[in-house]
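**Q** Counting in the numbering used here, the sequence shown tops out at residue 250, every number present.
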Amino acid sequence: MQKQGELDDDDDTVCLGSSFFVDRNYELTTFTFGSHVLNLLCLRSASTDYDLTGQLVWPGAVLLNNYLSQHAEILEGCSVIELGSGVGITGILCSRFCQEVLLTDHNEEVLEIMKKNIELHSSSVLTAEKLEWGNCDHIIQILEKHPKGFDLILGADICFQQSSISHLFDTVKKLLQFNRSKCRFILAYVSRSKIMDTLVVNEAGQHGMQVNEVPGTRTTITNLEGVIFEITLK
Ligand SMILES: C[S@@+](CC[C@H](N)C(=O)[O-])C[C@H]1O[C@@H](n2cnc3c(N)ncnc32)[C@H](O)[C@@H]1O
Numbered sequence: 017m018q019k020q021g022e023l024d025d026d027d028d029t030v031c032l033g034s035s036f037f038v039d040r041n042y043e044l045t046t047f048t049f050g051s052h053v054l055n056l057l058c059l060r061s062a063s064t065d066y067d068l069t070g071q072l073v074w075p076g077a078v079l080l081n082n083y084l085s086q087h088a089e090i091l092e093g094c095s096v097i098e099l100g101s102g103v104g105i106t107g108i109l110c111s112r113f114c115q116e117v118l119l120t121d122h123n124e125e126v127l128e129i130m131k132k133n134i135e136l137h138s139s140s141v142l143t144a145e146k147l148e149w150g151n152c153d154h155i156i157q158i159l160e161k162h163p164k165g166f167d168l169i170l171g172a173d174i175c176f177q178q179s180s181i182s183h184l185f186d187t188v189k190k191l192l193q194f195n196r197s198k199c200r201f202i203l204a205y206v207s208r209s210k211i212m213d214t215l216v217v218n219e220a221g222q223h224g225m226q227v228n229e230v231p232g233t234r235t236t237i238t239n240l241e242g243v244i245f246e247i248t249l250k
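(1) Is the separation between the beta-carbon of Ala-172 and that of Thr-120 shorter than 7 angstroms?
(2) Rounded to the nearest angstrom, how far is the Cβ of Tyr-251 from that of Gly-76, given a contact under 8 angstroms?
(3) Restricting to Cα atoms, I'd like to know which of Gly-242, Leu-44 and Glu-128 is closest to Met-212.
(4) Taking the C-alpha atoms as reference points, what is the distance between Thr-214 and His-183?
(5) Taking the straight line between their C-alpha atoms, what separation do you get for Lys-146 and Ile-202?
(6) Under DSSP, the alpha helix (DSSP H) around Tyr-325 begins and ends at which residues?
(7) Starting from the Cα of Lys-189, find the closest Cα among Pro-163, Gln-226 and Val-126 and give me that residue.
(8) Let's test the definition: count the other Cβ atoms within 10 Å of the Cβ of Thr-48 and tell me whether it reaches 16, buried, or not, exposed.
(9) Give the secondary structure of Asp-173 by DSSP, where H, G and I count as helix, E and B as strand, and everything else as coil.
(10) Using 6 angstroms as the cut-off, classify the Cβ of His-8 as near or not near the heavy atoms of ligand 1, replying yes or no.
(11) Can you tell me whether Val-53 is buried or exposed, with buried defined as 16 or more other CB within 10 angstroms of its CB?
(12) Is Asn-218 helix, strand or coil when you go by DSSP?
(13) Could you tell me the alpha carbon to alpha carbon distance between Met-130 and Gly-102, rounded to whole angstroms?
(14) Should Ile-158 go down as buried or exposed, given a rule of 16 or more other Cβ atoms within 10 Å for buried?
(15) Expressed to the nearest angstrom, what Euclidean distance is found between the alpha-carbon atoms of Ser-180 and His-122?
(16) Assuming Ile-156 is part of the alpha helix (DSSP H), what are its boundary residues?
The structure is reproduced here in structure tokens:
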């Protein structure tokens with residue numbers, strides 16, 4: 017029996033729910049890509065230990081949006097799915113050119129701010145769904161709602177966690193196979209480690225895909241090297 021004044025190990029454990037750490041002080045921020053100006057709610061910096069990378073705009077999104085704004089013909093009339101959309105900056109730019117754009121992410125908190133940004137742009141072209149890479153149920157549900165599949169899969173700065181890369185390519189493969197004739201994956205890749213550089217190319221190969229660097233897209237972005245890859249089934 018515990019005597020008065022004695023403490024268990026558990027007694028000094030401070031109980032904080034995960035929401036205690038969530039910063040929701042989103043700021044309306046203006047981004048310009050060529051002649052396209054986008055206003056979006058986002059954080060300016062990451063501030064938690066949780067998987068909330070998607071609350072801010074990453075260099076890969078700037079790279080991809082600059083590329084797409086210069087090559088909008090790629091998007092004209094297309095049906096697009098974006099993986100790991102975060103606040104939605106890439107998909108929202110695409111909605112200006114595409115027939116339909118589905119933004120996806122696995123994080124509930126991120127999906128909430130993404131949906132607010134979709135509301136802000138009130139476009140009938142834009143929708144959002146939860147999609148965890150490698151989750152078969154999620155992808156089946158999405159393809160049931162989009163029986164024609166997608167022309168383009170987009171990803172900006174989504175290769176940063178080694179353990180998720182195989183799952184990412186599982187999902188990409190399902191989407192590419194569903195619309196084999198014309199679907200391709202455009203990935204804005206930002207290099208942060210040599211291990212990841214190799215892993216991405218190897219995983220794509222092991223999933224039966226070829227990775228082609230889009231000529232002229234290799235660039236320095238916030239002191240890192242970025243490049244646009246076009247990835248298709250072999
Ligand atoms: C580094 S952020 C990039 C966000 C946005 N594309 C950009 O460039 O600003 C990575 C995004 O991928 C999402 N993500 C990470 N792992 C995921 C997974 N296993 N399934 C689905 N989304 C994931 C995160 O929630 C986050 O929104």
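Don't be surprised by glycine CBs; every beta carbon is placed ideally from N, CA and C.
Fair warning: this is a prediction, and the values are worked out from it, not measured in the lab.
**A** Well, looking at it:
(1) Taking the first residue of the sequence shown as 1, we reach residue 172 at position 156. Taking the first residue of the sequence shown as 1, we reach residue 120 at position 104. In this structure, Thr-120 does not lie closer than 7 angstroms to Ala-172 by Cβ.
(2) Residue coverage of the chain in this structure runs from 17 to 250, which leaves residue 251 outside it and unanswerable.
(3) On the sequence shown, residue 212 is found 196 positions in, with the first residue counted as 1. Closest option to Met-212, Cα to Cα, is Gly-242.
(4) As a position in the sequence shown, residue 214 is number 198, starting the count at 1. As a position in the sequence shown, residue 183 is number 167, starting the count at 1. In a straight line, the C-alpha of Thr-214 is about 16 angstroms away from that of His-183.
(5) Numbered from 1 along the sequence shown, position 130 holds the residue referred to as residue 146. Numbered from 1 along the sequence shown, position 186 holds the residue referred to as residue 202. So the alpha carbons of these two residues sit roughly 20 angstroms apart.
(6) Residue 325 is absent from the structure shown; the chain starts at 17 and stops at 250.
(7) Against the sequence shown, residue 189 aligns to sequence position 173. The shortest C-alpha separation from Lys-189 is found at Gln-226.
(8) Within the sequence shown, numbered from 1, the residue matching residue 48 stands at position 32. Exposed is the call here.
(9) Here residue 173 refers to the residue found at position 157 when the sequence shown is read from its first residue. Collapsing the DSSP output to three states places Asp-173 in coil.
(10) Any answer about residue 8 is impossible in this case: the structure gives the chain only from 17 up to 250.
(11) Residue 53 sits at position 37 when you count from the first residue of the sequence shown. Under this definition Val-53 is an exposed residue.
(12) For this step, residue 218 is matched to residue 202 along the sequence shown. Asn-218: helix per DSSP, three-state reduction.
(13) For the purposes of this step, residue 130 is identified with residue 114 of the sequence shown, where counting begins at 1. For the purposes of this step, residue 102 is identified with residue 86 of the sequence shown, where counting begins at 1. For Met-130 and Gly-102, the distance between alpha carbons rounds to 7 angstroms.
(14) What you label residue 158 is simply residue 142 of the sequence shown in a count that begins at 1. Counting Cβ neighbours within 10 Å, Ile-158 comes out buried, since at least 16 surround it.
(15) Here residue 180 refers to the residue found at position 164 of the sequence shown. Here residue 122 refers to the residue found at position 106 of the sequence shown. Computed Cα separation, rounded: 12 angstroms.
(16) If you number the sequence shown from 1, residue 156 lands on position 140. Note, Ile-156: alpha helix (DSSP H), 152 to 161.
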